[in-house]
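The block underneath contains the structure these notes are about, expressed in structure tokens.
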Amino acid sequence: MRPSLINRRGFMQVGALALGGVTLSDVLALRAANNQALKDTSVIMLYQHGGASHFETWDLKPNAPSEMRSQFSSIATNVPGIDICEHFPLQAKLADKFSLIRSMHHDVDIHSDGGVIALTGKRPAKLDPTSQSKSDHPDFGHIASHVLGFTKSGMPPYVTLPQRPYMTRPTYLGLHHSSFEVTDPSKPNYQTPQLRLAAGRNSQSLLERKGLLSRLDTLRRDIDIRGELAGVDEFRQLAYQMLASPTAAAAFNIEQEPLEVRKRYGLNTWGQSCLLARRLAEAHVPVINIYCNTPLSGPQHTNWDDHAGNAGREGHFAKFMRTRLPFLDQCLSALISDIYERNLDRKIMVCVVGEFGRTPKIRKGTPNNSVGRDHWPQAYTALVSGGGMRMGQIIGATNSKGEYPTQRPTTPQDLLATIYRHLGIDYRATISDYFGRPVHILPQGHPIGELL
């Protein structure tokens with residue numbers, strides 16, 4: 000019997016899957032050339048979009064001049080010698096379960112290009128001061144998709160939530176290695192759009208979508224000029240299998256968590272994203288990248304780009320950080336605690352990092368004599384937890400004014416090499432670009448030995 004014509008609602012629903020850069024065939028394909036056994040490890044990254052101030056988080060410099068030192072007091076943790084921001088009281092109880100890398104640095108002070116370096120390990124050939132540039136190389140999640148492919152349970156290898164990092168793309172790996180993008184799990188009646196037909200509840204509708212997807216993919220093949228759709232057809236059936244996978248549906252269903260657990264993480268974007276990330280890691284998703292922009296909507300909730308007067312922010316940047324930091328403290332401490340309580344601390348590595356830090360000197364600006372810190376890639380801090388690594392330590396140090404590393408300078412490439420090592424990916428290997436030329440996964444960098 001011939002399937003009925005798909006109605007407008009069906010077209011709009013499949014459009015969310017197929018027309019927004021996220022077709023099932025594109026996003027959920029498995030690369031044929033890699034048949035190696037999957038190392039059952041995961042990385043959860045909290046990407047601090049905007050660039051968090053190291054002075055107001057994990058490297059406070061209380062003895063620096065008044066125009067430089069942190070706007071907050073430091074507090075002791077459960078590890079002697081590790082002091083952190085007063086707005087991190089929950090983390091202070093868990094310092095034995097994380098390590099701080101206080102000597103992160105590079106030399107690009109632009110959001111998009113700094114993000115490209117942080118997530119791909121490759122410096123853009125041409126910098127874009129408008130922060131609109133896109134990467135020429137895939138990020139670490141795209142690489143994981145390429146190397147590791149689908150899990151045995153049919154889960155995608157790379158998930159981003161509640162949105163993708165805007166500056167990276169799979170490039171020469173092909174669109175089928177794009178991240179599986181999940182919307183904000185804290186929203187009422189959250190449901191992953193890609194899984195609305197999971198478990199084959201409506202086989203007729205599934206057939207309609209399958210037919211439409213085939214036509215849409217044919218169209219995309221016709222206009223593809225760079226080979227980014229290569230390999231899609233061969234694995235189309237895997238996409239349909241995941242669409243109907245009860246395992247995937249269960250993993251993405253955050254409402255299966257008890258309310259007290261959801262409250263422990265925080266009933267906000269960051270909290271529920273961290274909780275969903277833990278569920279996905281348990282379900283064997285190798286890479287989950289949480290784009291930590293703002294925890295809630297509203298003018299009092301801002302991202303980490305704490306310029307004086309950025310985006311019309313009035314007043315002192317400390318007031319925005321005072322609002323923002325407790326959200327990070329709650330979700331991060333809940334995630335770390337949960338991982339250790341569930342004995343997942345060898346399987347799951349947590350990493351918190353942005354594209355750069357903030358200037359040592361505080362600056363006044365407009366409007367209304369607002370106060371803030373500008374971009375500063377010369378020094379910043381990353382936090383890592385779990386992964387079977389050595390915790391409860393500080394790696395590297397900056398000078399007395401937080402301007403630059405004085406001990407153990409560490410690069411984004413070093414951090415990425417550590418991530419790849421945890422995932423079982425040879426960061427020294429090469430992959431082929433559009434023209435078949437070998438490109439190193441990382442051009443430089445080594446795993447951080449103090450963590451291993």
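Residue 203 in numbering that gives the first Met the number 0 is what sits at position 204 of the sequence shown, and the numbering runs on without skipping anything. Glycine residues also receive a C-beta, built at the ideal position from the N, C-alpha and C atoms. Quick caveat: nothing in here was measured; it's all calculated off a predicted structure.
Starting from residue i, trace the beta strand (DSSP E) in both directions and tell me its first and last residue.
i, result
"Leu295", "Element bounds for Leu295: n/a, residue is neither H nor E."
"Val260", "Note, Val260: premise wrong, no beta strand (DSSP E); alpha helix (DSSP H) at 258-264."
"Ile81", "First-last for Ile81: undefined, no H or E at that position."
"Ile447", "First-last for Ile447: undefined, no H or E at that position."
"Ile74", "73-75"
"Tyr157", "157-160"
"Ser369", "369-371"
For residue i, report the span of its alpha helix (DSSP H) as first-last.
i, result
"Gly385", "Careful: Gly385 lies outside any alpha helix (DSSP H), inside the beta strand (DSSP E) at 379-385."
"Leu275", "268-281"
"Pro411", "411-422"
"Ala63", "First-last for Ala63: undefined, no H or E at that position."
Can you tell me which of the options puts its alpha carbon nearest to the alpha carbon of residue i?
i, options, result
"Ser399", "Asp82, Tyr189, Pro64, Asp138", "Pro64"
"Lys346", "Asp183, Gly423, His136, Leu441", "Gly423"
"Tyr171", "Asp432, Ile394, Phe71, Trp375", "Asp432"
"Phe54", "Asp39, Ile43, His86, Pro79", "His86"
"Leu160", "His110, Asp112, Asn292, Val349", "Asn292"
"Val115", "Ser134, Lys125, Ala124, Leu126", "Ser134"
"Ser336", "His175, Pro123, Ile109, Tyr264", "Tyr264"
"Asp344", "Thr410, Ala307, Gln131, Met390", "Met390"
"Thr182", "Ala124, Cys273, Leu258", "Cys273"
"Cys350", "Asn342, Ser384, Gln443, Leu334", "Ser384"
"Phe434", "Gln329, Phe316, Gly173", "Gly173"
"Val284", "His104, Thr150, Gly356", "Thr150"
"Leu45", "Asp328, His141, His306", "Asp328"
"Arg261", "Leu275, Lys38, Ala250, His136", "Leu275"
"Leu415", "Pro155, Pro137, Trp303", "Pro137"
"Leu147", "Arg168, Ser41, Tyr165", "Ser41"
Anyone know if the C-beta pair for residue i and residue j falls short of 8 angstroms?
i, j, result
"Ser102", "Thr397", "yes"
"Tyr157", "Ile253", "no"
"Ser73", "Cys84", "yes"
"Gln271", "Pro184", "yes"
"Pro294", "Phe326", "yes"
"Val370", "Lys363", "yes"
"Thr358", "Ile100", "no"
"Ala428", "Gly401", "no"
"Gly113", "Pro376", "yes"
"Thr410", "Ile394", "no"
"Ala250", "Arg277", "no"
Just grab the DSSP bridge partners of residue i for me.
i, result
"Pro404", "Thr397"
"Thr167", "Beta-bridge pairing links Thr167 to no other residue."
"Leu45", "Ile289, Val351"
"Glu180", "Thr159"
"Ile430", "Val438"
"His175", "In DSSP, His175 forms no bridge with anything."
"His374", "Arg357"
Should residue i be flagged as near chain B, meaning a C-beta pair shorter than 8 angstroms?
i, result
"Leu118", "Reference to chain B is not applicable here, since this structure consists of a single protein chain."
**Prompt:** Hey, which unbroken runs of the beta strand (DSSP E) at 3 residues or more fall wholly within the stretch 300-364?
**Reply:** 347-353, 362-364
**Item:** Contained beta strand (DSSP E) runs [length at least 3] in the stretch 86-143, N- to C-terminal order
**Value:** 97-103
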